[in-house]
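For reference, the structure discussed in these notes is given below.
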Amino acid sequence: RKRHLATLVSKNRRRRDLSETGYMAFSKRVLKWRLIGEGYSSQLSVEDQRYIFRLAFRMWSEVSPLEFVEDTRSPLEDVDIRLGFGTGRHLGCNQRFDGTGQEFAHAWFLGDIHFDDDEHFTGPNAGSGISLLKVAVHEIGHVLGLPHIYRPGSVMQPSYLPQESGFEVDWMDRKAIQHLYGGCKGRFNTVFDWIRKERTPYGEVVIRFNTYFLRDGWYWLYENRKNRTRFGDPVALQIGWRGIPMDGVDACVHVWSRKRDAVYFFKGTQFWRYDNANDQVFRQDPEGHRYPRLISEGFPGVVSPIDTAFYDRRQSHIYFFKNTLVYAFDVEANSLARGFPKNIRDVFPAVESGDHPDGNIDAAYFSYTHNAIFLLKGTRFWQVVGSHERWRRPFLPRNGLLPHKEVDQHWFDICNVHPTALRL
Amino acid sequence: EKLFHNRDHSDVQNVNSHRAEVITDKYSAELFLSRYGFIMPVNWEEVQFEGSDASFNDDFLDNFQDLIQEGTSSQEFISALEEFQRVSGLPVTGLLDEATKLAMNKPRCGVPDKEIDLNAPVTPENIMVSISTDIHQSQAVRR
Numbered sequence: 190r191k192r193h194l195a196t197l198v199s200k201n202r203r204r205r206d207l208s209e210t211g212y213m214a215f216s217k218r219v220l221k222w223r224l225i226g227e228g229y230s231s232q233l234s235v236e237d238q239r240y241i242f243r244l245a246f247r248m249w250s251e252v253s254p255l256e257f258v259e260d261t262r263s264p265l266e267d268v269d270i271r272l273g274f275g276t277g278r279h280l281g282c283n284q285r286f287d288g289t290g291q292e293f294a295h296a297w298f299l300g301d302i303h304f305d306d307d308e309h310f311t312g313p314n315a316g317s318g319i320s321l322l323k324v325a326v327h328e329i330g331h332v333l334g335l336p337h338i339y340r341p342g343s344v345m346q347p348s349y350l351p352q353e354s355g356f357e358v359d360w361m362d363r364k365a366i367q368h369l370y371g372g373c374k375g376r377f378n379t380v381f382d383w384i385r386k387e388r389t390p391y392g393e394v395v396i397r398f399n400t401y402f403l404r405d406g407w408y409w410l411y412e413n414r415k416n417r418t419r420f421g422d423p424v425a426l427q428i429g430w431r432g433i434p435m436d437g438v439d440a441c442v443h444v445w446s447r448k449r450d451a452v453y454f455f456k457g458t459q460f461w462r463y464d465n466a467n468d469q470v471f472r473q474d475p476e477g478h479r480y481p482r483l484i485s486e487g488f489p490g491v492v493s494p495i496d497t498a499f500y501d502r503r504q505s506h507i508y509f510f511k512n513t514l515v516y517a518f519d520v521e522a523n524s525l526a527r528g529f530p531k532n533i534r535d536v537f538p539a540v541e542s543g544d545h546p547d548g549n550i551d552a553a554y555f556s557y558t559h560n561a562i563f564l565l566k567g568t569r570f571w572q573v574v575g576s577h578e579r580w581r582r583p584f585l586p587r588n589g590l591l592p593h594k595e596v597d598q599h600w601f602d603i604c605n606v607h608p609t610a611l612r613l
Numbered sequence: 276e277k278l279f280h281n282r283d284h285s286d287v288q289n290v291n292s293h294r295a296e297v298i299t300d301k302y303s304a305e306l307f308l309s310r311y312g313f314i315m316p317v318n319w320e321e322v323q324f325e326g327s328d329a330s331f332n333d334d335f336l337d338n339f340q341d342l343i344q345e346g347t348s349s350q351e352f353i354s355a356l357e358e359f360q361r362v363s364g365l366p367v368t369g370l371l372d373e374a375t376k377l378a379m380n381k382p383r384c385g386v387p388d389k390e391i392d393l394n395a396p397v398t399p400e401n402i403m404v405s406i407s408t409d410i411h412q413s414q415a416v417r418r
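Listed below in structure tokens is the structure:
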């Protein structure tokens, strides 16, 4: 009987494997799901049901490297996760539902999720009944390999708690799923802090900023204090930044000095100036320039397309990066600074020999949160030695690059979602 | 269709649907504790289909029925109850008090809280041993 058991169990594990952690986990990164036809609920419209499940899958995608796509066409055995509603004896499952009360759903390791349609499931924020979104996020957590977690606030608690406002996957649950599937890694096109001035109720002007990460046609607002992206991100670029190229930009530079305050976006051989007040690019700016303009026209001496750029307030220089060269552009003089372009190793020398991005960087970012400049390339970043660091360790080279670290260990949970789930 | 009057179905009435058995006594509590793995870890690994020849499960079901028919020893029941109270954040009394019944009757997920460790060799004897070991420990604690 043991041998029989062993063959029985191993055969069933074909679709999923034990990850190093000993928990079951999918080995694929893009998973297909479907609400099966004979399993529609009688309480919500089919569209509502599908929307809630799409949102539930997206919430897991926002915190893990997994992507989920609804597949209503493939043969059923090719669908990884199948969801359905039923009452009592249902969908060929021999774990019979118990009617109203107690068990409201269950999930099987092979990816089947069943909901007890005797329960009163409601849409998000209905304020009554059992939130289908909450239950779906919980059961999907099981299918992905998470057990019950008794920690208050966890989406994996076995008992249902009435819907609090702002139901989200919290920090510990994120670590739990990333323990199974790893963190979210990827290249960025640009990273910048967007500065805005606000007036307090007392008429004072205060200056705030938000940090943005851009990748292709998507962007995330990163909440530095909470070490995570904004709930519900990524968002499509054209939704938040009207007029810039929809498939992404090479750089964003904020020239901010006593006399100037201008935000530029660069892409290919052109650049745009952004009109913060009207939240779109200028067609013609107050100085009469029509956009888009050629980079060679606006920044003579700079060769485009560029890799990236940032503005250094200390010298009012914009540093443009292209391949292994750095072009420092003196904004006041409207010309390249003397001696530039230079090799990137000469401008930003490695503090630890051999630990250098060697050009072709993805993003150069001055962070107001850290008061530091970061050079990003691939999944790594190098922090530029700041004045404070040099005060403590004078032997460090000017603008030296400290040893690299991993981006996803410094800015957390910047995760892709499947393109079909982008617009929710 | 279930009867309702409000647009958002918030007043839907389950006139004809059956209700889950409310947990009120030791027997129904034992069933609950067994079902969710507090008395005997449950193999939740495989998809169970009606009529499937899940011989593996039959072993368990046999064991399961024996336990329930003979009644779980009061010690086992108390240990399981204490474990449930502990993970549910309830006062650990070992008694089937009102707070515990209330927690057991809450809407919840049907996946067991305690599942069988698939990496350990699985034999009914083995599981029983592990249960009895547990019991010894709790007695020691009690003394």
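In order, the protein sequences belong to chains A and B. Plus 189 on top of the position in the first sequence (first one is 1) and you've got my numbering. Plus 275 on top of the position in the second sequence (first one is 1) and you've got my numbering. Where is the CB? At the ideal position from N, CA and C, for every residue including glycine.
For SER285 (chain B), the chain A residues whose Cβ falls inside 9 Å of its Cβ are HIS309, THR311, ALA315, GLY316, SER317 and GLY318, in order along the chain. Listed along the chain, the chain A residues whose CB falls inside 9 Å of the CB of GLU351 (chain B) amount to none; the nearest CB is some 21 Å away. Using a Cβ-Cβ cut-off of 9 Å, SER348 (chain A) is close to SER363, ALA378, LYS381, PRO382, ARG383 and CYS384 of chain B, given in chain order. Scanning A:GLU357, A:LEU426 and A:PRO351 for the CA closest to the CA of ASN378 (chain A) turns up A:LEU426. What PHE242 (chain A) touches in chain B, judged by beta-carbon distance under 7 Å, is nothing: the nearest beta carbon there is about 16 Å away. Within the segment 281-299 of chain A, the residues whose Cβ lies closer than 9 Å to some Cβ of chain B are GLY281, CYS282, ASN283, GLN284, PHE286, ASP287, GLY288, THR289, GLY290, GLN291, GLU292, PHE293, ALA294, HIS295, ALA296, TRP297, PHE298 and LEU299, listed in chain order.
Residue-level contact by beta carbon fails for HIS368 (chain A) and chain B, as no gap is shorter than 7 Å.
One alpha carbon belongs to GLY548 (chain A), the other to ALA539 (chain A), and they sit about 12 Å apart. DSSP places ALA296 (chain A) in the uninterrupted beta strand (DSSP E) bounded by 292-296. In the assembly as shown, THR368 (chain B) is an exposed residue. Its beta-carbon has fewer than 16 other beta-carbons within 10 Å. For VAL380 (chain A), the enclosing beta strand (DSSP E) stretches over residues 379-388. The beta carbon of ALA553 (chain A) is closer than 8 Å to those of ALA440, THR497, ALA498, PHE499, TYR508, PHE510, ILE562, PHE563, LEU564 and LEU565 in its chain, skipping five residues each way along the sequence. Neighbourhood of GLU296 (chain B) in chain A, by CB distance below 9 Å: ASP287, GLY288, GLY290 and GLN291, in chain order.
Around the CB of PHE313 (chain B), 16 or more other CB atoms lie within 10 Å, so the residue is classed as buried.
Rounded to the nearest whole angstrom, the C-alpha separation of ILE298 (chain B) and SER216 (chain A) is 40 Å. Residue burial is scored here from C-beta neighbours: LEU265 (chain A) has fewer than 16 other C-beta atoms within 10 angstroms and is therefore classed as exposed. Using a Cβ-Cβ cut-off of 7 Å, TYR339 (chain A) counts as an interface residue toward chain B, since at least one Cβ of chain B sits closer than that to its own. LYS381 (chain B) and TYR349 (chain A) do touch by the CB rule: their CB atoms are close to 6 Å apart, below 8 Å. For ASP362 (chain A), the enclosing alpha helix (DSSP H) begins and ends at 360-370. Judged by beta-carbon spacing, GLY288 (chain A) lies beyond the 7 Å limit of ASP306 (chain A), meaning their Cβ atoms are not closer than that value.
The DSSP assignment places complete alpha helix (DSSP H) segments of no fewer than 4 residues inside the segment 373-455 of chain A at 426-429, in order along the chain. Against GLU236 (chain A), chain B offers no close residue; the least beta-carbon distance is about 15 Å (beta-carbon pairs closer than 7 Å).
PRO546 (chain A) and SER263 (chain A) have their C-alpha atoms spaced approximately 44 Å apart.
The C-beta distance from PHE488 (chain A) to PHE454 (chain A) rounds to 13 Å, too long to meet the 8 Å contact threshold.
Fully enclosed alpha helix (DSSP H) runs of no fewer than 4 residues occupy 533-536 of the segment 504-561 of chain A, in order along the chain. GLU292 (chain A) and TRP249 (chain A) have their C-alpha atoms some 23 Å from each other. Beta-bridge analysis with DSSP links SER348 (chain B) to no other residue.
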